[in-house]
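*Asks:* The structure follows.
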Amino acid sequence: MSAVLDRPTLLELLPDGIPLALRQHRRWAPWRAVWAPRRGKWDKVPCAPAGYGLSTAKPERWLTFDEALAAVQSRPDLFAGLGYLMTGAHGVVGLDLDRCIEPDGALSPWAAELVAESASYAERSPSGHGVRVMLQGAVPADWTNHERGIEVYGGHEPRFLTLTGHRLEGTAEDLQAAPAGVLEALAQRHARERTSAEVVRLIEPLPDLVDELLLPELGDLSIPWQARAFLSEGEAGADRSRTLFATTVALFAAGLPADEVLSLLATNPHAMGVALDHRRQDADRALMYLWVEHTLKARGRARRVATAEDFDDVTEGQDARAEVPGAAQAGVSAMAGAAGKPAPALRFKIAQAAAFTQRAPLTWLVKRVLPLAEVGAVFGESGSGKSFLVLDLALAIATGREWRGHRVRQGRVLYIAAEGSGGMVRRLQALAEHHGLDLAELAIDVLGDAPNFLEKQDIGDLLKAIEACGRYDLVVVDTLAQVTPGANENAGEDMGRALAHCKVLHQRTRAMVLLVAHAGKDTSRGLRGWSGIKGALDVEIMVERSDAYRAATVTKMKDGEGEGTEYPFTLQSVTLGQDEDGEAITSCVVQHGQHVPQEARKAQPKGSWQTVVLRTAKALCDLAEEVTTGELIEASINEVPKDEKASKDRRRERILDAIQSLVGGNLLSTSGGKVVVL
1 MSAVLDRPTL
11 LELLPDGIPL
21 ALRQHRRWAP
31 WRAVWAPRRG
41 KWDKVPCAPA
51 GYGLSTAKPE
61 RWLTFDEALA
71 AVQSRPDLFA
81 GLGYLMTGAH
91 GVVGLDLDRC
101 IEPDGALSPW
111 AAELVAESAS
121 YAERSPSGHG
131 VRVMLQGAVP
141 ADWTNHERGI
151 EVYGGHEPRF
161 LTLTGHRLEG
171 TAEDLQAAPA
181 GVLEALAQRH
191 ARERTSAEVV
201 RLIEPLPDLV
211 DELLLPELGD
221 LSIPWQARAF
231 LSEGEAGADR
241 SRTLFATTVA
251 LFAAGLPADE
261 VLSLLATNPH
271 AMGVALDHRR
281 QDADRALMYL
291 WVEHTLKARG
301 RARRVATAED
311 FDDVTEGQDA
321 RAEVPGAAQA
331 GVSAMAGAAG
341 KPAPALRFKI
351 AQAAAFTQRA
361 PLTWLVKRVL
371 PLAEVGAVFG
381 ESGSGKSFLV
391 LDLALAIATG
401 REWRGHRVRQ
411 GRVLYIAAEG
421 SGGMVRRLQA
431 LAEHHGLDLA
441 ELAIDVLGDA
451 PNFLEKQDIG
461 DLLKAIEACG
471 RYDLVVVDTL
481 AQVTPGANEN
491 AGEDMGRALA
501 HCKVLHQRTR
511 AMVLLVAHAG
521 KDTSRGLRGW
531 SGIKGALDVE
541 IMVERSDAYR
551 AATVTKMKDG
561 EGEGTEYPFT
571 LQSVTLGQDE
581 DGEAITSCVV
591 QHGQHVPQEA
601 RKAQPKGSWQ
611 TVVLRTAKAL
621 CDLAEEVTTG
631 ELIEASINEV
641 PKDEKASKDR
651 RRERILDAIQ
661 SLVGGNLLST
671 SGGKVVVL
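Quick note on numbering: UniProt numbering labels position 620 of the sequence shown as 620, and the sequence is numbered without any gaps.
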């Protein structure tokens, strides 16, 4: 409790106090406050309005002042304030003065002198212990003096400065030009001499980071197991920098360009963790460390592939750890104290039973039907009504109305109508007509296009489109086949990739991704294609049709109750108007129905063999009062030409199977050897 109480309270944002000269630039972003216990201070993480991280090196993603302010005001639970992107010289210089406000509120003498000399806008930092000074001007290079607590930014490095609007009394209300010689004199007094690393930096500037979605998958790279273990699990020996450098060499040897190597390291928590430890937990300086000390230097050594000799032996001390009672239970290495350094994080986390059960309960969109999880699927044959059922669920979520007696969490829905927008237009119009809704007030948005879920670029573009529209709770993808063009449906590689991208959508948006998919030849065996799909789903719903009777059955519920429950429904036609020929334009809506026992349902014939047998049975029964099973078999055989290329005539076998299936589907009766069409 005391640790939480010791955290400093952040100042409230005063947007009207921020200088107009800064507001006119498209260089703004909201930021999240993340407590850094090792440094005892708040980290300020620039974010997109959707809440995920924003690159300080990608100007096309930055916001106007009004856009960023709107994001902060709409999500006070998520964002702590506003920040200004300094990246790229643009005639503005920012001075960040740390720990310069005394307990009585007065400025330290050195800071008071600097603020007076600058003669421009100055304000209190979010913590209330520091000062930001913003001027018009330029500096030849950004620099830092950690001993004094001065950082000077002129746009030469990716930087993000938080602003509060809490102007210091007596300072200018807007930016002023830096007095002649002030910035130069400040650098002479406090800037340290450039190191060789900074000379390298000036020769080859830091590149833009590649979007994480566009980076190669770790599993696709041909790199040594030690490099893979470091990037995936953080496995390293006593010298983590050496392991990081060897891993960087391995990435170059795998054929990656410098910007992708840097981006992989910067987005990897284990590589970035090493960099942060070497640069006092300063994220911007850590990124430069990865570029200068590892990426640029490792590039020259990438003529050979990294081998085991480039890595420390991480197996040392395993026996000793095993001998220490309680070491495994404590989740720490018994060898940690020997070197005076904390042990690397264990790959497998073991929790005591009581701790393991302390997890957040499952959240439902539709209780016992649709959880707010990662990925689910609704599948059925063509014409079963699966898309209408999904739209009915989406309507319940958008309005917050109960669905079949189940409580519903109201939220926003994005419906990706990948099979075409024409049918979707009529379905939405039918919903509005039938339920008396105003579509303009309905929390359902539609994408009438088919992004390719096999391509990272398409997923990245889709995420940008979603970000521009705000947060969704459910994203429907109708259908899986349309967003995986050219994929081998039976291959784990293709379908696994599509499912992985669905999980990326969930991770970046926190929305449940619900796939609409086709059934295989046997509906009871699940979705069409790769057998591993079901195992990756949090929920699976099967839609079946038997003549006019339709039903949706929850065939898998990973967590929570509801599996096995059936929800009968019918489709009711809704007339929307007339076309140019005077014919009615119609669509359908779901009508919730009553359960019909299995033995009373009629199925539709499946496949060509069942179709032939049922057609033949109807023709025979119309001609004769009594038809035997043998007569039906022989007549059906005559309806199907013999396959002369086949080594064996299997027509009788296929027809017997078809008769059995038609009987099971309540379409035929063969009781007593007599055929009756039901």
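Virtual Cβ for every residue (Gly too), placed ideally from N, Cα, C. In this text the structure is predicted, and so the values were computed from the model without any measurement.
Quick one: using the 10 Å Cβ neighbour count with 16 as the cut-off for buried, is Phe453 buried or exposed?
*Replies:* Result: buried.
*Asks:* Can you grab the Cα-Cα spacing for the pair Ser661 / Thr611, in whole Å?
*Replies:* Their backbone Cα atoms lie some 11 Å apart in a straight line.
*Asks:* Distance, Cα to Cα, Ala519 vs Glu544?
*Replies:* C-alpha separation (whole angstroms): 10 Å.
*Asks:* Straight-line CA distance for Val589 to Val613?
*Replies:* Rounded to the nearest angstrom, the two C-alpha atoms are 33 Å apart.
*Asks:* Would Lys642 be called buried (16 or more neighbouring beta carbons within 10 Å of its own) or exposed?
*Replies:* So Lys642 counts as exposed.
*Asks:* Where are the alpha helix (DSSP H) runs, 4 residues long or more, that stay fully inside the stretch 38–109, in chain order?
*Replies:* 65–74, all fully within the stretch 38–109.
*Asks:* Does DSSP classify Ala517 as helix, strand or coil?
*Replies:* Note: Ala517 maps to strand in three-state DSSP.
*Asks:* Using a 10 Å radius around the Cβ and a threshold of 16 neighbouring Cβ atoms, would you call Glu309 buried or exposed?
*Replies:* In this prediction, Glu309 scores a pLDDT of 48, lower than 50, which makes its location untrustworthy; the coordinate-derived value is nonetheless stated afterwards. Exposed: under 16 other Cβ atoms inside 10 Å.
*Asks:* Just confirm the distance between the C-beta atoms of Gly560 and Pro371, as a whole number of angstroms; I'd bet it's less than 8 Å.
*Replies:* Indeed they touch by this definition, with Cβ atoms about 6 Å apart.
*Asks:* Based on the DSSP output, what are the partners of Phe379 in its beta bridges?
*Replies:* Phe379 is bridged to Ala517 and Met542.
*Asks:* If you measure between the beta carbons of Lys556 and Glu566, is that distance less than 8 Å?
*Replies:* No, they are not a contact pair.
*Asks:* Mapping DSSP to helix, strand and coil, what is Arg32?
*Replies:* Arg32: strand per DSSP, three-state reduction.
*Asks:* Ordered along the chain, which non-local residues of its own chain (more than five positions away) have a Cβ less than 6 Å from that of Ala658?
*Replies:* Within the same chain, Ala658 has close Cβ partners Trp609, Gln610 and Val613.
*Asks:* Starting from Pro225, trace the beta strand (DSSP E) both ways and give me its first and last residue.
*Replies:* For the record, residue 225 in the displayed sequence is Trp; it is not Pro. Element bounds for Trp225: not the beta strand (DSSP E) but the alpha helix (DSSP H), Trp225 to Glu233.
*Asks:* Along the beta strand (DSSP E) that carries Leu445, what are the first and last residues, could you check?
*Replies:* Residue identity differs from the one stated: residue 445 is Asp in this sequence, not Leu. Unbroken beta strand (DSSP E) run through Asp445: Ile444 to Leu447.
*Asks:* Among Leu95, Thr87, Val131 and Glu117, whose alpha-carbon lies nearest the alpha-carbon of Gly105?
*Replies:* Checking every option, the nearest Cα to that of Gly105 belongs to Val131.
*Asks:* Can you tell which of Pro59, Phe356, Val93 and Arg280 has the C-alpha that lies nearest to the C-alpha of Glu147?
*Replies:* Nearest of Pro59, Phe356, Val93 and Arg280 to Glu147, Cα basis: Arg280.
*Asks:* From Arg228 to Arg242, what does the alpha carbon distance come to, in whole angstroms?
*Replies:* Rounded to whole angstroms, Arg228 to Arg242 spans 15 Å at the Cα level.
*Asks:* Between the beta-carbon of Ala187 and the beta-carbon of Trp143, is there less than 8 Å?
*Replies:* For Ala187 and Trp143, yes; Cβs fall inside 8 Å.
*Asks:* Apart from the five residues on each side of it in sequence, which residues of its chain come closer than 6 Å, Cβ to Cβ, to Asp473?
*Replies:* Answer for Asp473: Gly411, Arg412 and Ala511, listed in chain order.
*Asks:* Once the 5 residues before and after Asp494 are set aside, which same chain residues still bring their CB inside 6 Å of it?
*Replies:* Here the set comprises Ala487 and Asn488.
*Asks:* As a quick exercise: from Val139, Ala283, Asp259 and Leu97, pick the residue whose alpha carbon is nearest that of Pro269.
*Replies:* Comparing Cα positions, the closest option is Ala283.
*Asks:* Nearest to Ala468 by alpha carbon, out of Leu85, Trp62 and Val45?
*Replies:* Comparing Cα positions, the closest option is Trp62.
*Asks:* Would you mind reading off the limits of the beta strand (DSSP E) that contains Ser636?
*Replies:* Per DSSP, Ser636 belongs to no beta strand (DSSP E); it is in the alpha helix (DSSP H), Thr629 to Glu639.
*Asks:* Take Thr9 and list the residues in its own chain whose beta-carbon comes closer than 6 Å to its own, dropping the five residues that flank it on each side.
*Replies:* Contacts found: none.
*Asks:* Could you give the first and the last residue of the continuous alpha helix (DSSP H) run that contains Val249?
*Replies:* Counting along the chain, the alpha helix (DSSP H) containing Val249 begins and ends at Arg240 to Ala253.
*Asks:* Let me know the secondary structure DSSP gives Phe348 once reduced to three states.
*Replies:* Coil.
*Asks:* Alpha carbon to alpha carbon, how far is His190 from Thr363?
*Replies:* Taking the straight line joining both Cα atoms gives about 54 Å.
*Asks:* Whole angstroms is fine: what's the gap from Pro485's alpha carbon to Glu402's?
*Replies:* So the two alpha carbons sit approximately 36 Å from each other.
*Asks:* Which value, in whole angstroms, describes the spacing of the CA atoms of Cys100 and Leu107?
*Replies:* Whole-angstrom Cα-Cα distance: 6 Å.
*Asks:* Would you mind giving the Cβ-Cβ distance between Val369 and His406, rounded to the nearest angstrom? I have them listed as a contact below 8 Å.
*Replies:* About 6 Å; that satisfies the 8 Å criterion.
*Asks:* Is the CB-CB distance between Tyr415 and Ile459 below 8 Å?
*Replies:* No.
*Asks:* CB-CB under 6 Å to Leu462, same chain, minus the five flanking residues each way: which ones, in chain order?
*Replies:* So the qualifying residues of the chain are Pro451.
*Asks:* If I'm right that Phe288 touches Glu157 with Cβ under 8 Å, what's the distance once you round it to whole angstroms?
*Replies:* The question names Phe, but residue 288 in the sequence shown is Met. Their Cβ separation, rounded to whole angstroms, is 7 Å, which keeps Met288 and Glu157 in contact under 8 Å.
*Asks:* In chain order, what residues of the same chain have a beta carbon less than 6 Å from the beta carbon of Pro207, not counting five sequence neighbours either side?
*Replies:* Hits under 6 Å: Asp259.
*Asks:* With distance defined between alpha-carbon atoms, name the residue in Ser669, Gly154, Ala111 and Phe379 nearest to Thr87.
*Replies:* When only C-alpha atoms are compared, the closest one is Gly154.
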